[in-house]
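Asker: So the sequence shown is numbered by this note's numbering: it starts at 73 and just counts up by one.
Idealized CB from N, CA, C, for every residue including glycine.
In this text, all values refer to a predicted model and were calculated from it rather than measured experimentally.
If you scroll down you'll find the structure; I have some questions about it.
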Amino acid sequence: MSKKKKRVREKDIENLLLKYLNILPSTFAWKNNSTGIYDAKRGCYRKQQNKWAINGVSDILGVHHGRLLAIEVKTPSGKVTTEQQEFIDRVQREGGIAGVARSVADVRALLAEFKTREGIDE
Numbered sequence: 073m074s075k076k077k078k079r080v081r082e083k084d085i086e087n088l089l090l091k092y093l094n095i096l097p098s099t100f101a102w103k104n105n106s107t108g109i110y111d112a113k114r115g116c117y118r119k120q121q122n123k124w125a126i127n128g129v130s131d132i133l134g135v136h137h138g139r140l141l142a143i144e145v146k147t148p149s150g151k152v153t154t155e156q157q158e159f160i161d162r163v164q165r166e167g168g169i170a171g172v173a174r175s176v177a178d179v180r181a182l183l184a185e186f187k188t189r190e191g192i193d194e
């Protein structure tokens with residue numbers, strides 16, 4: 073009898089990452105709801121019709137040591153879209169901390185690299 077491997081869900085990874093981030097000192101993180109607006113008339117979600125809305129905003133946003141934190145959560149096989157990568161690149165160019173995470177280890181590595189670069193000792 074073969075056992076089916078339980079599929080890892082993005083939401084489960086996201087919850088682990090938020091739990092981890094919010095116990096760190098100098099860190100405040102939250103889930104960015106980017107699913108769109110529910111249109112009851114059509115019975116579906118639709119994109120915001122706003123010239124200031126940005127496509128590809130990361131799943132988790134926050135502040136870490138005074139810097140914007142943006143984490144795009146993916147499953148082990150999940151693919152980053154062009155818009156998501158563009159958002160990550162822009163946050164990094166503007167001095168924020170941004171990247172893709174598939175596990176807590178990925179977040180630890182991202183924050184360790186930032187602390188090393190900035191000379192932050194904790």
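Does Gly134 pass the burial test, meaning 16 or more other C-beta atoms within 10 Å, or should it be called exposed?
Answerer: Classification for Gly134: buried.
Asker: Checking the sheet assignment: what are the DSSP bridge partners for Ala142?
Answerer: Paired residue(s): Leu133 and Ala170.
Asker: How would you label Asp131, buried or exposed, when you count the other beta carbons within 10 angstroms and need 16 or more for buried?
Answerer: Under this definition Asp131 is a buried residue.
Asker: Taking the alpha-carbon positions, what's the Arg79 to Ile85 distance?
Answerer: Between Arg79 and Ile85, the C-alpha separation is close to 11 angstroms.
Asker: Taking the CB atoms as reference points, tell me whether Leu90 and Val179 lie closer together than 8 angstroms.
Answerer: Their beta carbons are not under 8 angstroms apart, which means Leu90 does not touch Val179 by this criterion.
Asker: Taking three-plus beta-carbon pairs below 8 angstroms as touching, is the stretch 106-119 in contact with the stretch 146-157?
Answerer: No, the stretch 106-119 is not in contact with the stretch 146-157.
Asker: By alpha-carbon positions, which one of His137, Ile109 and Lys76 ends up nearest to Gly191?
Answerer: Measuring from the Cα of Gly191, the nearest candidate turns out to be His137.
Asker: Check whether the Cβ atoms of Gly168 and Arg139 sit closer than 8 angstroms, and answer yes or no.
Answerer: Cβ distance < 8 angstroms, so Gly168 and Arg139 count as in contact.
Asker: Just verifying my parser: in three-state terms, what is the DSSP assignment at Arg165?
Answerer: In this structure, Arg165 counts as helix in the three-state DSSP scheme.
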